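Everything below concerns the one structure shown next.
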Amino acid sequence: MANSPSGDSVTDRVVRILETFGTDRTVQTAAQIGRRAGLPSSTAHRLVAELVDSGLLERDDEHRVRLGMRLWELALRGSTALRLRQAALPFMEHVQARVREHTQLAVLEQGAALFLERLSSPASGANITRIAGRLPLHASSSGLVLLAHAPAELQKAVLASPLVALSPETITDAATLRRTLAEVRRDGWVIAPGSIEVVSTGVAVPVRDRGDVVAALSVVLPREAPTAGPLEALRAAAVGIQNVLAADRR
Ligand code: PHB
Numbered sequence: 006m007a008n009s010p011s012g013d014s015v016t017d018r019v020v021r022i023l024e025t026f027g028t029d030r031t032v033q034t035a036a037q038i039g040r041r042a043g044l045p046s047s048t049a050h051r052l053v054a055e056l057v058d059s060g061l062l063e064r065d066d067e068h069r070v071r072l073g074m075r076l077w078e079l080a081l082r083g084s085t086a087l088r089l090r091q092a093a094l095p096f097m098e099h100v101q102a103r104v105r106e107h108t109q110l111a112v113l114e115q116g117a118a119l120f121l122e123r124l125s126s127p128a129s130g131a132n133i134t135r136i137a138g139r140l141p142l143h144a145s146s147s148g149l150v151l152l153a154h155a156p157a158e159l160q161k162a163v164l165a166s167p168l169v170a171l172s173p174e175t176i177t178d179a180a181t182l183r184r185t186l187a188e189v190r191r192d193g194w195v196i197a198p199g200s201i202e203v204v205s206t207g208v209a210v211p212v213r214d215r216g217d218v219v220a221a222l223s224v225v226l227p228r229e230a231p232t233a234g235p236l237e238a239l240r241a242a243a244v245g246i247q248n249v250l251a252a253d254r255r
């Protein structure tokens with residue numbers, strides 16, 4: 006791929022453009038994209054126009070830009086995320102119908118819990134999780150499950166990094182986190198009261214594909230809600246998902 010005078014490739018620049026979009030920043034002008042991607046204005050306008058032509062970005066009537074449906078289509082096609090989501094969805098629906106609170110599926114992605122799916126009802130309580138959004142590994146119930154089964158180097162890196170508090174009850178101390186991760190591996194679940202928001206409790210279990218933990222299945226409950234029933238529902242769902250994944254030879 007041809008390099009610019011600054012040495013970055015076209016691919017680098019396109020990735021930087023795409024990364025300027027976030028769960029809270031879904032629509033931008035080409036000028037804003039250029040600034041946020043650190044690109045000269047002319048380069049940004051040209052690349053954005055090419056990406057709009059290809060359908061990877063879309064422009065609205067006011068000339069503002071968002072991620073294109075074509076990008077979604079290509080990203081999902083044959084992806085691990087889609088395979089997992091399809092296997093999990095019927096079981097997630099069952100959990101959601103039984104627990105009647107947010108039910109979500111997350112995978113480990115670049116040092117964070119990335120959420121592939123979230124089922125909620127209008128009566129469900131508070132929840133900051135977004136589909137295609139991330140939560141920190143040390144702070145969320147899903148993240149704790151994923152981190153407990155992550156490669157040793159990632160665990161070491163997280164334990165050595167500053168553990169930022171999202172609420173007064175987030176684990177911010179490496180020794181406590183290390184102990185919690187060992188408990189998650191021993192018990193096969195985690196209950197994280199108030200870790201992200203004081204008003205909620207996250208409950209999460211691992212989902213395995215032929216032995217390896219590939220996802221975390223969780224519910225977000227009101228803080229004082231009983232956890233035994235939701236935990237039982239999650240564990241049964243995880244077994245169901247694992248059976249579907251084991252039968253799926255794709
Ligand atoms: C959690 O997984 O622990 C969690 C996630 C989102 C919330 C609260 C808790 O809003």
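The numbering of the sequence shown is this note's numbering, which starts it at 6 and goes up by one.
For glycine and all other residues, C-beta sits at the position ideal for the given N, C-alpha and C.
Remember, it's a predicted structure, so these values are computed and weren't measured experimentally.
The Cβ-Cβ distance between L76 and L89 does not fall below 7 Å. Note on geometry: alpha-carbon atoms of S146 and A197 lie some 6 Å from one another. Within the chosen limit of 6 Å, the ligand PHB does not reach the beta carbon of S125 with any heavy atom.
CA-CA distance, G207 to L79, rounds to 32 Å.
Remark: the C-beta of T181 is outside contact range of the ligand PHB, defined as less than 6 Å to any heavy atom.
Not a single heavy atom of the ligand PHB lies less than 6 Å from the C-beta of N248. Shown here, Q160 sits in a helix according to DSSP, grouped into three states.
Where F26 is concerned, there is no enclosing beta strand (DSSP E), because DSSP gives it neither an H nor an E. When the five nearest sequence neighbours on each side are left out, the beta carbons in the same chain lying within less than 8 Å of the beta carbon of T48 are those of S9, R18 and G39, in order along the chain. Take the alpha-carbon of A118 and the one of R215: they are about 21 Å apart.
Short of 8 Å from the beta carbon of R240, and not among the five residues preceding or following it, lie these beta carbons of its own chain, in chain order: G193, W194 and V210. For V219, the shortest separation between its Cβ and any heavy atom of the ligand PHB does not lie below 6 Å. Its chain contains V57 and V70 as the residues whose beta carbon lies nearer than 6 Å to that of R64, once the 5 sequence neighbours on both sides are disregarded; these appear in chain order. Between the region 101-118 and the region 172-186, the count of C-beta pairs closer than 8 Å stays below three; the two stretches do not touch. Within its own chain, the residues whose Cβ lies closer than 7 Å to the Cβ of A131, once the five positions on either side in sequence are excluded, are E202, V204 and S205, listed in chain order. For T206, the secondary structure class from DSSP, reduced to helix, strand or coil, is strand. For I196, the enclosing beta strand (DSSP E) begins and ends at V195 to P198. Looking only at A42, A111, A35 and F26, the smallest Cα-Cα distance to D13 is reached by A42. Ranked by Cα distance from R139, the first of L121, R191, A153 and S129 is L121.
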